[in-house]
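Under the numbering used here, residue 2042 is the last one in the sequence shown; the count climbs by one each step, no gaps.
Here's the structure, in structure tokens; my notes come after.
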Amino acid sequence: MNHCEQTPSKSTLCGEYDGCTKAQSCVSMMSDVSMEPPLTFRKSDGGRCLCAGVASAMNHCEQTPSKSTLCGERDGWTKAQSPERQLPPDSPAPDSEHSCVTMMSDVSMEPPLAFRISDAGRVDKEDSEVSSVKHQAHLDSILTTLEENIVTFVKSELEKIKSVLNPDYPECSESQREDEEVLDAEEEERKSKSREAFLKIALHFLKSMKQEELADCLLSRYTVPGCFQRKLKSSLRKRFQCVYEGIAKAGNPTPLNQIYTELFITEGGTGQVNKEHEVRQIETASRKPDRTESTIRHEDIFKPSPGRGQQIRTVMTKGVAGIGKTVLTQKFTLDWAEDKAGQNIQFTFPFTFRELNVLKGKQFSLLELVHHFFSETKEAGMCRLEDFQVVFIFDGLDECRLPLDFKHNQTLTDATESTSVDVLLTNLISGKLLPSARLWITTRPAAANQIPPQCVDMVTEVRGFTDQQKEAYFVKRFRNKKQASRIISHIKTSRSLHIMCHIPVFCWITATVLEDVLKNKEGGELPKTLTEMYIHFLVVQSKRKNVKYDGGAVTDQHWKPDNKETIESLGKLAFEQLQKGNLIFYESDLIECGIDLRAASVYSGVFTQIFIEESGLYQDKVFCFVHLSVQEFLAALHVHRAFVNSGVNLLSEEETSSPKYNSAEPHFYQSAVDEALQSPNGHLDLFLRFLLGLSLETNQELLRGLLTQTRSSSQTGMETVQYIKKRISENLAAEKSINMFHCLNELNDCSLVEEIQQYLRSGSLSTEELSPAQWSALVFILLSSEKDLDVFDLKKYSDSEKALMKLLPVVEAFNKALLSSCNLSETSCEALSSVLSSESSCLRELDLSNNNLQDSGVKLLCAGLKSPHCTLETLRLSGCLITEEGCGFLASSLSANPSHLRELDLSYNHLGDSGVELLSAGLKDPKWSLDTLRIEPGGDEWLKPGLKKYFSKLKLDTNTLNQKIKLSDSNKMMSHVEEDQSYPDHPHRFDHWPQLLCSNDLTGRCYWEVEWSGRVHIAVTYRGISRKGNRHECLFGRNDHSWSLVCSDTIGYSVWHNNKSTYITTSAPSSGSDRVAVYVDHPAGTLSFYRVSSDTLIHLHTSNTTFREPLYPGFRFWSDRPGSSVALCSL
């Protein structure tokens, strides 16, 4: 009857009761003299034990719950706590199937015993009664407090359950966590177990109430901080809180949160494979206007975009090597582990395919795989994954060497069933296994097709650094602001370096090189080409190895024999694995190249910033180069050394007749160019740049000591340059042509580009005279422009179909293409259809107005509009001779792909009632995104080719006529005369300049023609232009509210606006007179001037602006040229 008086420090739902301590007082019996005869027990009809003593029963009911686990094992008696073991040794054992002595009634109880303590220390019955009452009161107090604590706890937890079951429950309830009491680890663990136990109780009752959906919702949202979750988060924080920039497991660690710069992540695209060389992909991506993309932050990777109804289970993130995919997943995991984001996620498990590769051939269940990589889950006894909201991260699909056979692998739905790792992955990714889990898979673009598209809910792309982020990186990297500014300016001068800096790893390589160059060559020339940059990078690493590992000085000869041997071995490995397409290497790969594991470990130890060795808890040693570009550079160096030293061309396995080269050397480089151009995906693009760059004597000088022999010839260089220019002239695909220009840059030849740039600067570019190579140079210049590729206006170069075909890659790269009035036909429509169908197209707005496309052209164009890759939002086909047949083609294409086009302009066509009805029905269709449809004006009068259908008959306003202008031919002819004409005073008259206006106010589309001679201005202006005095405010073209075409019989044509001129290369007319046309599209903000020759319009200039008010035609004569004239023409 040991009644132990104790009060736990804090009451919990678990109610741990640890028994009597030494300090706790216990009433004891010194003898049994005062005891009444023993109480008798009897069995009830139900076989239960009837107890005659309250104290004994209370003593028997003390228990300690077993240790709680995440699995939810049933809490119960431990072996030492069972009632059988609590009975006195001589007591009869209760029935074995019952675990507790109970009282069925008090019939068999004797009256309470009265005790008192005698002088000899015996217990006296009277005093015992008092003690029993006090004990009962104390026990009642404890139980009352326990009840209050339990009720408080239950109410609090029910409020949380009510909150998390609310439809508006936020994804991360930070405020709840901030309000919680900060507890020590032991008390926090008790509280965690209590909450887990209560969650199980709540789930049990919800399911018994047939509220399965609410139970699932509660399970997915209810916070389970648990001992396991804390340990997992702690482990992940230690694992990801620091990174090693550019290298792995070497150098000084840098806090990830300190250096992390938000990457440019775009949403959209498909999981289809992109086999192009990744540098080519980076160059394409660098041309995309940022604002046309839907961007997301890493913490929102699973958040559905606006308009997307379904939840996102699987996300695939694509990006080229070194772009930041791995760091992105590490940041996501770290933010979760630090409770900064993703708190609706209960567990995050980051894997890499490098780690999974070494488990090939082994058997695991999904649960065992989690236990294998995250031991905390096994220690905590986690035996179910279905009960929690779990995120699996699989980084580096491109490095996967497991056979992911989604068609033939067996189906698996049980997370506890063992199978091969590849079967686990295919079932997990396809959603057959653990469908409640979320998955994030990262990959290089070339490997994206390993996952079936139907298994991926959203595709994102990591585009690396924006231009602003590049600058931010170098400012962070260099504390000296002046030094950082110089480096940023230098990178901008080299387009190839600037493009490559989209890749964070290349920024690090560039910073490493330029820091060393600036330190050792103060005021020296900085590397301008990729080849120079990577040669310096190799030299820097060799110097560091000598100083750090060999105890040498910076000034020592850095190409020691062991260094040369290392570079030679790494070069061989780089080339042979590049040919196989491998970026990571295992022991078997090294053995194939004659490198044993020990040698590879030595290389990775002393050349850590070139060759990396990675080894984790659960993976074998894995090797790779710090970036694909480093591997390609070393591969090119290996091929160059083989040719120079032995005359062997490793690209073709040919051996030249004489290692003295002469005629062999030009053939070697020309054959490399041919092989690179034959590659359908550009896999040798960067390799070729490096190989050609190594042919220069200046670059070979930088490697003197490493190269035992050097070969360079100015004659060979010239022959190679001419050969590349010849290949450029062969109408190559745009990306191949662009790489050829980069190759010329590596050879320090920019003559073609500089020639076109000079034409553009002077305004003397004549596309009629461009050679094929010059056209390619123009494309390269436009695509390599540092300016935002927003609006492309074909008429700036030529208003012809030929020009469009040459510049089609440019159209694809721009956000908006202005192709109106460019004499385009069906041929153009077919070409533009391919642009609209291209996955890499940036085109969002296309203006084809006033081209004679007709219904046949629209049909061809609609093939592109149907494409799922088409993202065009605005299409203008105004004045394109379209009828109801064309409307049918448009309606059909928009029904097939209704999600993209928002604005369609079909004004100035003859659509007919049926055509209008077709498109109007689509406008009302909720599936269509179309919200603006323009069909007026319309009618058969607009089915006339060209701009002449907009002809307006001008009427001169004689109240504006200056006195030096004489009218004739029924006011259709204006002449500049020396003697003043007699006109009455009028406030609208120009009193100084020989100018006049027409009375026509232009608000729609208007076209007119005039004939001129001498020197005149053909202008349009707002009505409010000043009329008095000789200020610029009165003069056409010299202010911001007028535009003027200057026509001169001596200097040709120029356009003036806001006192700025644009000279036009068209020569002056030989006869001293000419005919010009003016076209105004007021709503579109377009003003165009043309020469008219035999009814053919020759484009002179187009201004694009926003007209704020109606325009009025005007004319002006030069004051020093009396005799000039202008005549209005009739059609």
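For every residue, glycine included, the Cβ atom is placed at its ideal position computed from N, Cα and C.
Per the coordinates, the alpha-carbon of CYS1791 lies some 25 Å from the alpha-carbon of HIS1780. The DSSP-derived three-state label of ARG1916 is strand.
DSSP, reduced to helix, strand and coil, places HIS1993 outside both helices and strands of the structure shown, so it counts as coil. The beta carbon of LEU1408 sits closer than 6 Å to those of ILE1402, all from its chain and outside the five residues before and after it, given in chain order. About 5 Å separates the CB atoms of LEU1786 and LEU1757; that is less than 8 Å, so the two are in contact. The segment 1833 to 1849 makes contact with the segment 1817 to 1825: 3 or more CB pairs, one atom from each, lie closer than 8 Å. In the three-state DSSP reduction, PRO1261 falls in the strand class (E or B). Taking every protein chain shown into account, the CB of VAL1062 has fewer than 16 other CB atoms within 10 angstroms, so this residue is exposed. With a cutoff of 7 Å on beta-carbon distance, LEU1425 and GLN1361 are scored as not near each other. Each of LYS1875, ASP1868, GLU1889 and ASN1873 was checked against the Cα of SER1881, and the nearest Cα belongs to ASP1868.
With a threshold of 16 other beta carbon atoms within 10 Å, SER1982 falls short and is exposed. The alpha carbon of ARG2032 has as its nearest neighbour, out of THR1914, PHE1213, ASP1902 and GLU1889, the alpha carbon of GLU1889. Pairing PRO1720 with ILE1635, the inter-Cα distance amounts to about 20 Å. DSSP lists no bridge partner for CYS1781. Just measuring C-alpha positions, the residue of LEU2042, ASN1941 and LYS1838 sitting nearest VAL1921 is LEU2042. Excluding sequence positions up to five before and after ILE1446, its CB lies within less than 7 Å of the CB of ASN1610, LEU1613 and LEU1614, all in the same chain and listed in chain order. Contact annotation: PHE1496 and PHE1534 have beta-carbon atoms nearer than 7 Å. Residue pairing for TRP1954: DSSP places it in a beta bridge opposite VAL1931 and HIS1968. Excluding residues up to 5 positions away in sequence, GLY1790, TYR1819, ASN1820, HIS1821 and LYS1860 lie with their Cβ nearer than 7 Å to the Cβ of TRP1853 in the same chain. A residue is called buried once 16 or more other Cβ atoms fall within 10 Å of its Cβ, and PHE1116, having fewer, is exposed. Per DSSP, the continuous alpha helix (DSSP H) segment holding ARG1388 begins and ends at 1378 to 1388.
VAL1584 and TRP2029 have their alpha carbons spaced roughly 58 Å apart.
In the structure shown, the three-state DSSP call for ALA1728 is strand.
Contact annotation: MET1369 and VAL1231 have beta-carbon atoms that are not nearer than 7 Å. With fewer than 16 neighbouring CB atoms inside 10 Å of its own CB, ALA1832 falls in the exposed class. Classified as buried, GLY1375 has 16 or more neighbouring CB atoms from the shown chains inside 10 Å of its CB.
With fewer than 16 other Cβ atoms inside 10 Å of its own Cβ, PRO1346 counts as exposed. Taking 4 residues as the shortest admissible run, the segment 1768 to 1826 contains the following complete alpha helix (DSSP H) segments, listed from N- to C-terminal end: 1795 to 1807. A Cβ-Cβ distance of about 11 Å is found for the pair LEU1830 and LEU1812, leaving them out of contact under the 8 Å criterion.
At the C-beta level, GLN1254 and PHE1299 stay beyond 7 Å of one another.
Put simply, the backbone Cα of HIS1282 is about 43 Å away from that of ILE1410. ILE1495 carries a strand assignment under DSSP once its states are collapsed to helix, strand and coil.
Comparing alpha-carbon positions, the option among HIS1594, GLU1666 and PRO1577 lying closest to VAL1632 turns out to be PRO1577. With contacts defined as CB atoms closer than 7 Å, LEU1718 and GLU1741 fail to qualify as a contacting pair.
Linking GLN1490 to ARG1406 through their CA atoms gives a straight-line distance of about 28 Å.
In the structure shown, the three-state DSSP call for GLU1297 is coil.
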